[in-house]
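Asker: Residue numbers (this note's numbering): 1284 to 1406. Note that beta-carbon positions come from the ideal geometry of N, C-alpha and C, so glycine has one too. Please read these numbers as outputs of a predicted model, since none were measured by experiment. Mind having a look at this structure? Questions to follow.
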């Protein structure tokens, strides 16, 4: 009997409504979701750090999205990351490109985000 695995996605965004809507969208599309308000919560959760993909807001209190991404890479974590921002700038886009990750503008159309996640987790 073939066993189905569910890809897990961690969502880090300080805006509850964004976190909640992404959780609902991703769960409706077959993903398990770990939502967090900031990087500290994420790093305290060992299971979330082993997720298949991370959707990460750039503008966060405490550590920003780029700092969280940098910490993950220093730890040797190669989890694919999608950065999101409501105020994406040319500088942010250049940093994302250097980090070899995507930066999507909020609000991102659901189909675009779902397709990007599916590409990253191999679905």
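(1) Give me the Cα-Cα distance between residue 1347 and residue 1393, rounded to the nearest whole angstrom.
(2) Would you kindly work out how many angstroms separate the C-alpha atoms of residue 1405 and residue 1336, rounded to a whole number?
(3) Within a Cβ cutoff of 6 Å, which residues of the same chain sit near residue 1343, ignoring the five residues on either side of it in sequence?
(4) Determine the DSSP secondary structure at residue 1343, reduced to helix, strand or coil.
(5) Compute the Euclidean distance between the alpha carbons of residue 1357 and residue 1301, then round it to the nearest angstrom.
(6) With respect to the alpha helix (DSSP H) encompassing residue 1371, which residues constitute its N-terminal and C-terminal limits?
Answerer: Based on what the coordinates show:
(1) 23 Å
(2) 10 Å
(3) 1297, 1321
(4) coil
(5) 28 Å
(6) No alpha helix (DSSP H) holds residue 1371; DSSP gives it neither H nor E.
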